[in-house]
Amino acid sequence: MPDDLVQLLRWYADMGVDIALDAMPHDRTREPVVPLPGPVRENAEPVKDEPLRSRATPVPPAHAAPAEAVQQDAREAAASARTLAELRDHLLAFEGCGLKATATQLVFGSGEAGAEVMFVGEAPGADEDRQGAPFVGRAGQLLDKMLASIGLERGKVYIANVVPWRPPGNRTPTPIETAACLPFTRRQIELVAPKILVCLGAPSAQTLLNSKEAITRLRGRWFDYAAGDTAIRALAMLHPAYLLRRPADKRLAWRDLRLLAKEIARLRAGAENST
Ligand code: URA
Numbered sequence: 003m004p005d006d007l008v009q010l011l012r013w014y015a016d017m018g019v020d021i022a023l024d025a026m027p028h029d030r031t032r033e034p035v036v037p038l039p040g041p042v043r044e045n046a047e048p049v050k051d052e053p054l055r056s057r058a059t060p061v062p063p064a065h066a067a068p069a070e071a072v073q074q075d076a077r078e079a080a081a082s083a084r085t086l087a088e089l090r091d092h093l094l095a096f097e098g099c100g101l102k103a104t105a106t107q108l109v110f111g112s113g114e115a116g117a118e119v120m121f122v123g124e125a126p127g128a129d130e131d132r133q134g135a136p137f138v139g140r141a142g143q144l145l146d147k148m149l150a151s152i153g154l155e156r157g158k159v160y161i162a163n164v165v166p167w168r169p170p171g172n173r174t175p176t177p178i179e180t181a182a183c184l185p186f187t188r189r190q191i192e193l194v195a196p197k198i199l200v201c202l203g204a205p206s207a208q209t210l211l212n213s214k215e216a217i218t219r220l221r222g223r224w225f226d227y228a229a230g231d232t233a234i235r236a237l238a239m240l241h242p243a244y245l246l247r248r249p250a251d252k253r254l255a256w257r258d259l260r261l262l263a264k265e266i267a268r269l270r271a272g273a274e275n276s277t
């Protein structure tokens with residue numbers, strides 16, 4: 003390959019351009035500008051965590067939702083799944099999220115139904131997209147260390163994302179993409195039925211806890227997450243990818259991990275006393 007082409011590809015990779023969306027280039031600067039419908043997103047200020055993800059992608063207004071047919075399809079498919087394996091099959095057949103077209107493969111959750119703690123992150127990155135498993139890259143390695151620090155291990159917890167396909171260039175999934183996948187995410191939580199749900203990072207915490215607050219305000223607080231008729235204890239934490247960029251904030255993560263460990267101990271003690 004000629005040297006200048008190699009250099010161009012390197013430059014693209016450095017700029018975060020790591021996927022071809024089409025076989026032919028498009029000059030977007032010559033296309034007419036189509037205004038987004040409706041008012042600007044209320045919470046349009048940049049989310050404070052997840053600096054690894056690109057902020058350049060235009061974000062649709064908050065009220066934007068997937069087409070009703072897509073939502074209906076997702077709700078019906080998710081509700082009909084009786085096991086995690088069935089849910090995975092339904093996701094494989096689901097065509098309602100555009101990310102499927104650009105991702106290499108579906109990255110479904112890892113772990114067993116009945117896991118005591120379930121962690122939900124944002125979306126797969128490049129390593130996860132290649133390997134088909136969540137949190138296997140650098141952020142995943144840090145997550146493993148975080149788990150180990152309170153006596154947990156990957157094989158004993160359940161790990162998933164709010165969106166199971168990698169967004170191109172690692173950008174943040176749009177509200178429409180997240181909403182399209184939400185019935186599957188919720189059903190996954192119901193089927194795993196953890197005692198504790200941990201939301202890693204803003205997109206996960208804001209989506210699952212139905213909040214517009216910044217992750218810096220949500221983290222370190224307990225919520226009740228409604229999974230059908232059951233209330234699951236839910237904790238928001240900073241995302242490991244954020245901690246890789248802001249190691250100084252690891253002290254906050256350590257505080258949250260201690261909260262998590264305390265709650266696990268409390269629930270285990272309660273379970274022992276009732277037997
Ligand atoms: N970041 C996420 O949110 N999820 C992954 O699976 C990997 C990195």
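Residue numbering for the sequence shown follows this note's numbering, starting at 3 and increasing by one per position.
By construction, the Cβ of each residue, glycine as well, lies at the ideal position given by its N, Cα and C atoms.
Using 10 angstroms around the beta-carbon of residue i, count the other beta-carbons present and answer buried if the total reaches 16, otherwise exposed.
i, result
"Ala69", "exposed"
"Leu10", "exposed"
"Glu155", "exposed"
"Ala139", "Per the sequence shown, residue 139 should be read as Gly rather than Ala. Burial call: buried."
"Val8", "exposed"
"Ala267", "exposed"
"Pro4", "exposed"
"Ala67", "exposed"
"Glu114", "exposed"
"His28", "exposed"
"Pro249", "exposed"
"Met148", "buried"
"Ala95", "exposed"
"Ala255", "buried"
"Asp16", "exposed"
"Val122", "buried"
"Glu97", "exposed"
"Ser82", "exposed"
"Ala150", "exposed"
"Glu1", "The first residue shown for the chain is 3 and the last is 277, placing residue 1 beyond what the model contains."
"Asn172", "buried"
"Asp75", "buried"
"Glu78", "exposed"
"Ser206", "buried"
Let me check one thing: in DSSP terms, what residues is residue i bridge-paired to?
i, result
"Phe121", "Ile161 and Val200"
"Ser112", "Ile161"
Under 8 Å between the Cβ atoms of residue i and residue j?
i, j, result
"Tyr227", "Leu199", "yes"
"Arg168", "Glu130", "yes"
"Cys201", "Ala236", "yes"
"Pro136", "Ala103", "no"
"Leu240", "Gly203", "yes"
"Thr197", "Leu269", "At residue 197 the sequence reads Lys, which differs from the Thr that was named. Taking 8 Å as the Cβ cut-off, Lys197 and Leu269 qualify as a contacting pair."
"Ala233", "Arg223", "no"
"Cys165", "Leu101", "This sequence places Val at residue 165; Cys is not what is there. Yes, Cβ-Cβ distance for Val165 and Leu101 is below 8 Å."
"Ala195", "Gly116", "yes"
Specify, as a first and last residue, the run of the alpha helix (DSSP H) that residue i falls within.
i, result
"Ser151", "Arg140 to Ser151"
"Arg219", "Ile217 to Leu220"
"Arg188", "Pro177 to Val194"
"Ala79", "Glu70 to Ser82"
"Ala15", "Asp5 to Asp16"
"Glu155", "Neither: Glu155 is in no alpha helix (DSSP H) and is coded neither H nor E."
"His28", "Neither: His28 is in no alpha helix (DSSP H) and is coded neither H nor E."
"Lys102", "Leu101 to Thr104"
"Ala135", "Looking at the DSSP string, Ala135 is not in any alpha helix (DSSP H), and its letter there is neither H nor E."
Does any residue of chain D have a CB that is nearer than 8 Å to the CB of residue i?
i, result
"His92", "In the structure shown, chain D does not exist; there is a single protein chain."
*Ranges of the alpha helix (DSSP H) found wholly within the stretch 224 to 258, counting only runs of at least 4*: Fully enclosed alpha helix (DSSP H) runs of 4 or longer: 242 to 247.
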